[in-house]
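Under this note's numbering, the first residue of the sequence shown carries the number 7, and numbering increases by one thereafter.
We treat Cβ as the ideally placed atom computed from N, Cα and C, and that holds for glycine.
Some notes on the structure that comes next.
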Amino acid sequence: MSTPLLQLVDLSIAFDTERGPIVPVRDVSFCIFPGQTVALVGESGCGKSVTALSIMRLIPQPPGRVVSGQVLLDGRDLLTLPEAQMRRVRGKDIAMIFQEPMTSLNPVFTIGDQIMEAIVLHQQVSRREAREIAERSLREVGIADPQRRLDEYPHQMSGGMRQRVMIAMALSCQPRLLIADEPTTALDVTIQAQILELLRKIQADTGMSILLITHDLGVVAENADVVGVMYASRIVEFATVEDLFDRPRHPYTQALFRSIPRLGRRVDRLETIPGAVPNPASFPPACKFHPRCALTRRLALQAPAEQTRRFRAGDEDIVLMSACVSNSPVPLNYRGGPPNTSNESDEPLLREVAPGHWAACHFTENYAAAAMTRPILDHKRLTATTATAAAPEASA
Numbered sequence: 007m008s009t010p011l012l013q014l015v016d017l018s019i020a021f022d023t024e025r026g027p028i029v030p031v032r033d034v035s036f037c038i039f040p041g042q043t044v045a046l047v048g049e050s051g052c053g054k055s056v057t058a059l060s061i062m063r064l065i066p067q068p069p070g071r072v073v074s075g076q077v078l079l080d081g082r083d084l085l086t087l088p089e090a091q092m093r094r095v096r097g098k099d100i101a102m103i104f105q106e107p108m109t110s111l112n113p114v115f116t117i118g119d120q121i122m123e124a125i126v127l128h129q130q131v132s133r134r135e136a137r138e139i140a141e142r143s144l145r146e147v148g149i150a151d152p153q154r155r156l157d158e159y160p161h162q163m164s165g166g167m168r169q170r171v172m173i174a175m176a177l178s179c180q181p182r183l184l185i186a187d188e189p190t191t192a193l194d195v196t197i198q199a200q201i202l203e204l205l206r207k208i209q210a211d212t213g214m215s216i217l218l219i220t221h222d223l224g225v226v227a228e229n230a231d232v233v234g235v236m237y238a239s240r241i242v243e244f245a246t247v248e249d250l251f252d253r254p255r256h257p258y259t260q261a262l263f264r265s266i267p268r269l270g271r272r273v274d275r276l277e278t279i280p281g282a283v284p285n286p287a288s289f290p291p292a293c294k295f296h297p298r299c300a301l302t303r304r305l306a307l308q309a310p311a312e313q314t315r316r317f318r319a320g321d322e323d324i325v326l327m328s329a330c331v332s333n334s335p336v337p338l339n340y341r342g343g344p345p346n347t348s349n350e351s352d353e354p355l356l357r358e359v360a361p362g363h364w365a366a367c368h369f370t371e372n373y374a375a376a377a378m379t380r381p382i383l384d385h386k387r388l389t390a391t392t393a394t395a396a397a398p399e400a401s402a
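Below, the structure is given as structure tokens:
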């Protein structure tokens, strides 16, 4: 196994508010290896973008602060670096494509000025050389007439072109890791495909690693090597992309897959996950997914009464497994009850339930006997190119 390029170790991020601290990222651990694409998947509000911004140390402090954990780049903890040293890491070693290019690009500076700023800072070149590099970067991301485009402003470009400018800006200093936070948000499907194909080509040419943040499982299926599924501030499942799609083990991941429309399947109504991701200011006790989980309800219908808990939700009686809700005697309602009533030990944590597959659910197969380890997978998906290269070795 090679050495990880980036490693997150039990990272927790809090924001101080008038009502007290909220923690939108809790105990997040994963690794990214050279040339690997790791995807973080989940609904809006689950903590994906805060995790990405924490890696870049772009969380405003205050109100944000690191509660615990490490972000290791080549073994060096980025969270302990002085700001001057961290500025040398941003752009040069780690670059980021933000969700919305119109708000990420400065409307009063030309495209060329914005790309050249990072080039001059990190590559110690003249303005003329920086402009040549910026022009080449725009050409590489497929923008026609790049020399003219350098003198234009963001409002003179379409959404797809602005996103390409963001990619050119991020890649102009040849970073070893690219964080792509919803890189195809608000783009039509044709432009989405072009942007993702562009990232794959650049990765193949340079060996760059990618942290891909998305809620689109189709994008994940086509691009990721390894996938972490986030829910309510924590990673609840982590596996190779092939293993995750073949056999999702966490009820939340299974529910995400059931909600995907499929060709050839006729239904009156698409299946959805009831409710929404809980507010980090008032997380439900124990398993954070229990108010929305179909598995705990199904198991509770067949379980002995002493293993279940009954709740009243409107006009409906809800029966859930006790292990999913809390071992605490504090009365709870269906929506999770008052915050901070549960014992932290009641919440299921990531365990390696199968070789190279982690999940955080009491009722996942083999969970009770599984080891509690941090997820680490040096895996790359099998593509047509790698399959061809591996064929002679297999025959030998």
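Which residue from S110, L79 and F115 puts its Cα closest to that of K98?
Along the sequence shown, read from residue 1 onward, the residue named residue 98 stands at position 92. It is L79 whose Cα lies nearest to the Cα of K98.
Closest Cα partner of E123 within the set R94, T23 and R255:
Numbered from 1 along the sequence shown, position 117 holds the residue referred to as residue 123. It is R94.
Could you have a look at G70 and say whether DSSP puts it in helix, strand or coil?
By 1-based counting over the sequence shown, the position of residue 70 is 64. Of the three classes helix, strand and coil, the one that applies to G70 here is strand, per DSSP.
May I have the straight-line CA-CA distance separating A174 from K294, to the nearest angstrom?
Position 168 of the sequence shown holds residue 174. Position 288 of the sequence shown holds residue 294. For A174 and K294, the distance between alpha carbons rounds to 39 Å.
So, is G213 buried or exposed, given that buried needs 16 or more other C-beta atoms within 10 angstroms?
Here the question's residue 213 lines up with position 207 in the sequence shown. So G213 ends up on the exposed side.
Nonlocal neighbours in the same chain, by C-beta distance under 6 Å from P10, ignoring five residues either side:
The residue given as residue 10 occupies position 4 in the sequence shown. Closer than 6 Å at the Cβ level, and outside the excluded window around P10, lie C37 and F39.
For Y237, the first and last residue of its enclosing beta strand (DSSP E):
Residue mapping note: residue 237 aligns to position 231 of the sequence shown, counting from 1. Note, Y237: beta strand (DSSP E), V232 to Y237.
Contact set for L276: own chain, Cβ-Cβ below 8 Å, skip 5 residues either direction:
Here residue 276 is taken as the residue at index 270 of the sequence shown, counted from 1. Around L276: S265 and P267.
Quick one: Cα of S241 to Cα of R298, how far?
Here residue 241 refers to the residue found at position 235 of the sequence shown. Here residue 298 refers to the residue found at position 292 of the sequence shown. Note that residue 241 corresponds to Ile in the displayed sequence, not to Ser. Computed Cα separation, rounded: 17 Å.
If you draw a straight line from the C-alpha of T302 to the C-alpha of G362, how long is it?
Indexing the sequence shown from 1 puts residue 302 at position 296. Indexing the sequence shown from 1 puts residue 362 at position 356. Computed Cα separation, rounded: 25 Å.
Burial state of V114 (16 or more Cβ within 10 Å)
Taking the sequence shown and counting its residues from 1, the one referred to as residue 114 is at position 108. Looking at its Cβ environment, which holds fewer than 16 other Cβ atoms inside 10 Å, V114 is exposed.
Residues of its chain near L111, where Cβ-Cβ distance is below 8 Å and the 5 sequence neighbours each way are ignored:
Start at 1 with the first residue of the sequence shown, and residue 111 comes out as number 105. Only I117, Q120, P160, R168, V171 and M172 meet the Cβ criterion.
Which residue spans inside the stretch 196 to 279 form an unbroken alpha helix (DSSP H) run of at least 4?
223 to 229, 247 to 252 and 257 to 264
DSSP three-state call for V331: helix, strand or coil?
Translated into the one-based positions of the sequence shown, residue 331 becomes position 325. DSSP places V331 in helix when its eight states are reduced to three.
Between the CA atoms of V359 and C367 - distance to the nearest angstrom
Locating residue 367 in the sequence shown gives position 361, counting from the first residue. Locating residue 359 in the sequence shown gives position 353, counting from the first residue. Answer to the nearest angstrom: the Cα atoms are 10 Å apart.
Hey, how far is the Cα of M92 from the Cα of F244?
Sequence index remark: in the sequence shown, residue 92 carries index 86 (1-based). Sequence index remark: in the sequence shown, residue 244 carries index 238 (1-based). Going from the Cα of M92 to the Cα of F244 covers about 29 Å.
Considering P27, what are the terminal residues of the beta strand (DSSP E) in which it resides?
As a working mapping, residue 27 is identified with position 21 in the sequence shown. Unbroken beta strand (DSSP E) run through P27: G26 to I38.
Are the beta-carbon atoms belonging to G224 and I197 less than 8 Å from one another?
The residue given as residue 224 occupies position 218 in the sequence shown. The residue given as residue 197 occupies position 191 in the sequence shown. Contact: no.
CA-CA distance, T23 and V15?
As a position in the sequence shown, residue 23 is number 17, starting the count at 1. As a position in the sequence shown, residue 15 is number 9, starting the count at 1. Near 25 Å, if we compare the C-alpha coordinates of V15 and T23.
Please classify N285 as buried or exposed, where buried requires at least 16 neighbouring CB atoms within 10 angstroms.
On the sequence shown, residue 285 is found 279 positions in, with the first residue counted as 1. Flag for N285 reads exposed.
When you compare each of V77, F21 and S55 to I185 by their alpha carbons, which one comes out closest?
Counted from its first residue, the sequence shown places residue 185 at position 179. Looking at the Cα atoms, S55 is the closest of the given residues.
Would P254 be called buried (16 or more neighbouring beta carbons within 10 Å of its own) or exposed?
On the sequence shown, position 248 is the one that residue 254 refers to. Buried.
C-beta contact flag for A365 and H256 at 8 Å
Start at 1 with the first residue of the sequence shown, and residue 365 comes out as number 359. Start at 1 with the first residue of the sequence shown, and residue 256 comes out as number 250. Taking 8 Å as the Cβ cut-off, A365 and H256 qualify as a contacting pair.
Residue burial classification, R82 (beta-carbon count within 10 angstroms, cutoff 16):
Walking along the sequence shown from the start, residue 82 turns up at place 76. Answer is exposed; the Cβ neighbour count stays below 16.
Would you mind stating whether D187 and A58 have Cβ atoms separated by less than 8 Å?
Within the sequence shown, residue 187 is the residue found at index 181, counting from 1. Within the sequence shown, residue 58 is the residue found at index 52, counting from 1. Cβ atoms of D187 and A58: closer than 8 Å.
In chain order, which continuous runs of the alpha helix (DSSP H) of length 4 or greater are located wholly inside the stretch 52 to 116?
54 to 61, 89 to 95 and 107 to 110
Limits of the alpha helix (DSSP H) - the one that L14 falls within:
Within the sequence shown, the letter at position 8 stands for residue 14. Careful: L14 lies outside any alpha helix (DSSP H), inside the beta strand (DSSP E) at L12 to T23.
Using only the alpha-carbon positions, how far apart do R25 and A300 sit?
As a working mapping, residue 25 is identified with position 19 in the sequence shown. As a working mapping, residue 300 is identified with position 294 in the sequence shown. Going from the Cα of R25 to the Cα of A300 covers about 32 Å.
Can you look up R357 in the DSSP assignment and give me helix, strand or coil?
Here residue 357 refers to the residue found at position 351 of the sequence shown. Looking at R357 - three-state DSSP - the assignment turns out to be strand.
Going by other Cβ atoms of all chains shown within 10 Å of its Cβ, with 16 needed for buried, is L338 buried or exposed?
If you number the sequence shown from 1, residue 338 lands on position 332. For L338, the pLDDT reaches just 39, beneath the cut-off of 50, and the residue's location in the model is therefore unreliable, although a value from the coordinates is still provided. Counting Cβ neighbours within 10 Å, L338 comes out buried, since at least 16 surround it.
Counting C-beta neighbours from all protein chains within 10 Å, is the total for A45 16 or more, i.e. buried, or is it exposed?
For the purposes of this step, residue 45 is identified with residue 39 of the sequence shown, where counting begins at 1. Flag for A45 reads buried.
How many Å lie between R316 and A306 at the Cα?
Taking the first residue of the sequence shown as 1, we reach residue 316 at position 310. Taking the first residue of the sequence shown as 1, we reach residue 306 at position 300. Roughly 9 Å between the two C-alpha positions.
contact_flag[the stretch 378 to 387, the stretch 225 to 233] where n(CB pairs < 8 Å) is 3 or more
yes
Can you tell me where the beta strand (DSSP E) with L185 in it begins and where it stops?
Start at 1 with the first residue of the sequence shown, and residue 185 comes out as number 179. A small correction: the amino acid at residue 185 is Ile; Leu does not occupy that position in the sequence shown. Where I185 is concerned, the enclosing beta strand (DSSP E) stretches over L183 to D187.
Starting from V131, follow its DSSP beta bridges and name the residues at the other end.
For the purposes of this step, residue 131 is taken as residue 125 along the sequence shown, with counting starting at 1. Per DSSP, none; premise fails for V131.
Spatial distance of S164 from E203 (CA atoms)
On the sequence shown, position 158 is the one that residue 164 refers to. On the sequence shown, position 197 is the one that residue 203 refers to. For S164 and E203, the distance between alpha carbons rounds to 19 Å.
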